[in-house]
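Q:
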Amino acid sequence: MKLRTSELLLLAVSLLWTAPALSHDFQSGSIRIDHPWSRATPPGAPVAGGYLKIENKGPDPDRLVSIKSEITTRAELHESVVKDGVASMRPLDGALEVPAGQSVELGSGGIHIMFMKPEKTLKKDDKFKATLVFEKAGPIEVEFVVQGMGSRAPEEAPDHGGDHGAGQ
Amino acid sequence: MNGLKLFRIVAWAAVAVVAVGMATIYVLQPRNAGVATTTSSGKAAVGGSFSLNSHKGERVTDETLRGKPYLAFFGFTNCPDICPTTLFDLSEMMAELGPQADKFNVLLISVDPERDSQELLATYITAFDSRIIALRGTREETDAVLKSFAAMAVKVPMDGGQYTMEHTAGVYLMDENGEYVGLMRMDETREARMQKLRKLAS
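Chains R and B, in that order, are what the protein sequence lines are.
Quick note on numbering: the first sequence equals residues 0 to 167 in numbering that gives the first Met the number 0.
Quick note on numbering: the second sequence equals residues 0 to 201 in numbering that gives the first Met the number 0.
1. Are I112 (chain R) and F25 (chain R) touching if we call contact CB-CB under 7 Å?
2. What is the rounded straight-line gap between the Cα of I24 (chain B) and the Cα of P68 (chain B)?
3. Helix, strand or coil: which one does DSSP assign to R7 (chain B)?
4. M93 (chain B) lies in the alpha helix (DSSP H); which residues open and close that run?
5. DSSP state of Q146 (chain R), grouped into three classes?
6. From this set, B:N52, B:E91, B:R138, which residue's C-alpha is nearest D128 (chain B)'s C-alpha?
7. Of the residues B:L106, B:M173, B:F73, B:L134, which one's Cα is nearest the Cα of A200 (chain B)?
8. Tell me the DSSP secondary structure of D24 (chain R) in three-state form.
9. Let me confirm a value: R192 (chain B) is counted as buried when at least 16 other C-beta atoms fall within 10 Å, else exposed. Which label applies?
10. E57 (chain B): buried (16+ other C-beta within 10 angstroms of its C-beta) or exposed?
11. Pull up the distance between the alpha-carbon of V26 (chain B) and that of D92 (chain R), whole angstroms please.
12. Are the C-beta of G160 (chain B) and some C-beta of chain R separated by less than 7 Å?
13. To the nearest angstrom, report how far apart P153 (chain R) and G48 (chain R) are at their CA atoms.
14. Going by C-alpha distance, which of R:R62, R:A39, R:P42 is nearest F133 (chain R)?
15. Please list, in chain order, all residues of the same chain as T36 (chain B) whose beta carbon is under 7 Å from its beta carbon, the five residues on each side excluded.
16. Is E187 (chain B) helix, strand or coil when you go by DSSP?
17. Rounded C-beta distance between A212 (chain B) and S53 (chain B)? I'm assuming under 8 Å.
18. For F148 (chain B), list the residues DSSP reports as bridge partners.
19. Determine the burial state of G160 (chain R): buried for a count of at least 16 other Cβ atoms within 10 Å of its Cβ, exposed for fewer.
20. Exposed or buried, I8 (chain B), counting other C-beta atoms within 10 Å across all chains shown (16 or more means buried)?
21. Leaving out five residues before and five after G66 (chain B) in sequence, what residues of the same chain have Cβ atoms less than 7 Å from its Cβ?
22. So, are the CB atoms of E69 (chain R) and F127 (chain R) less than 7 Å apart?
23. With H, G and I counted as helix, E and B as strand and the rest as coil, what does DSSP make of E118 (chain R)?
24. Let me make sure I understand the geometry here. Which of R:P42, R:V46, R:P45, R:L51 has the alpha-carbon closest to that of E104 (chain R)?
25. By the 10 Å Cβ neighbour count, where 16 or more other Cβ atoms means buried, how is D80 (chain B) classified, buried or exposed?
26. Would D85 (chain B) be called buried (16 or more neighbouring beta carbons within 10 Å of its own) or exposed?
27. Taking T122 (chain B) and P42 (chain R) to be in contact with their CB atoms under 8 Å, please state how far apart those CB atoms are, rounded to whole angstroms.
28. Can you look up R58 (chain B) in the DSSP assignment and give me helix, strand or coil?
29. Below 8 Å between beta carbons is the criterion; list the residues of the region 73-89 of chain B that meet it against any residue of chain R, in chain order.
30. Since E140 (chain B) contacts F49 (chain B) with CB under 8 Å, what's their CB separation in whole angstroms?
31. According to the neighbour-count rule (16 or more other Cβ atoms, all chains shown, within 10 Å of its Cβ), is E190 (chain B) buried or exposed?
32. Run through chain B and tell me which residues come within less than 7 Å of P45 (chain R), C-beta to C-beta.
33. For a contact meaning CB atoms closer than 8 Å, what does T167 (chain B) contact in chain R?
34. Suppose the cutoff is 8 Å on Cβ atoms and the five residues either side in sequence are ignored; what does the same chain contact list for A44 (chain R) look like?
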């Protein structure tokens, strides 16, 4: 029996959809999002951080223009800096540019996503969905995994154990 | 007629120049103000009295803290990164030290008393070692404690009436007489930080 074009398309789409979930990266056009993670929040914390790596494999620059998530109504891009012993954080002016053929890392202690007033306290191993909207690549659906409260870097392997920060 | 047209062009051009100039000043000013105040941290200047309320509703002052060394960290709950990771690391180190960590007090001092109510701090702090005390005060009390630690905290306005805080990031180590011992930075190695805590506890 032969599959119809529409069925083939459906199969292709569903394969594309499941593949990224396993390796925890997400792609649209030339933009690839690697390991979106967040950090467990203390109860009542009005903010949560979001971190990930954006890879632009294309020949043109693209820009991350907005973020939506299922845990907040507002998410912004901020930059943390510690300079001369003073910690500061500022909203990023405008969109985040990802140059052609390059990667931009949103990491702890640097540029990051600020989820404002999350609906719940984030616990280790929780997951939540978000949409990153790019100027050219369009919206990309991603899933954030919540790491331990002391995490400063992505934990690549699942079930990394509970001894965060021990290797500092 | 031509003269009038020229006048109009020149006048509008002048308005544009002034507008751009004012916008530039407006954009640059907060940053400059923030940078200018970052120099106010130094060993010699640490000291002086302060009085704050704990998350349990107890009054904590430089006087009541006497007799035991303590750690003081300036933070706020709207901080996604440095504050929770610092408190988490401190909790972990305290867990490793066990009863030895009873020999010093650990204080989180809110630099954002407007948003950090006693209730919020009491909830927030449950995520960390139960020996850590969260402190807040009125605006005046907060300014006083910042001054006594020669620490800085500045409000940085954001869109929609929101704001964030710039603040001194290190952990102050104080001896049993309330004298400044040194600063513990969280980017030091864990071993270096543990040594500092062991020394403070001994």
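Don't be surprised by glycine CBs; every beta carbon is placed ideally from N, CA and C.
A: Checking against the coordinates, here is how it stands:
1. no
2. Residue confidence for I24 (chain B) is low, a pLDDT of 43 falling below 50, so the modelled location carries little weight; the figure read from the coordinates is stated next. Cα to Cα, I24 (chain B) sits roughly 46 Å from P68 (chain B).
3. helix
4. 81-96
5. strand
6. B:E91
7. B:M173
8. strand
9. buried
10. exposed
11. Residue placement at V26 (chain B) is flagged as unreliable, the pLDDT there being 42, under the threshold of 50; a coordinate-derived value is accordingly withheld.
12. no
13. 12 Å
14. R:R62
15. Legend: pLDDT at T36 (chain B) = 35, less than 50; position of this residue unreliable, value from coordinates given subsequently. Cβ within range, chain order: M151, V153.
16. coil
17. Chain B is shown from 0 up to 201; residue 212 (chain B) falls before or after that span and cannot be answered.
18. Answer is none; F148 (chain B) lacks a bridge partner.
19. Caution is warranted here: a pLDDT of 40 is assigned to G160 (chain R), below 50, making its placement in the model unreliable, and no coordinate value can be reported.
20. exposed
21. E175
22. yes
23. coil
24. R:L51
25. buried
26. Residue identity differs from the one stated: residue 85 (chain B) is Thr in this sequence, not Asp. Buried is the call here.
27. 5 Å
28. strand
29. T76, N77, C78, P79, D80, I81, P83, T84, L86, F87, D88
30. 7 Å
31. exposed
32. T76, N77
33. G84, V85, A86
34. P117, T120
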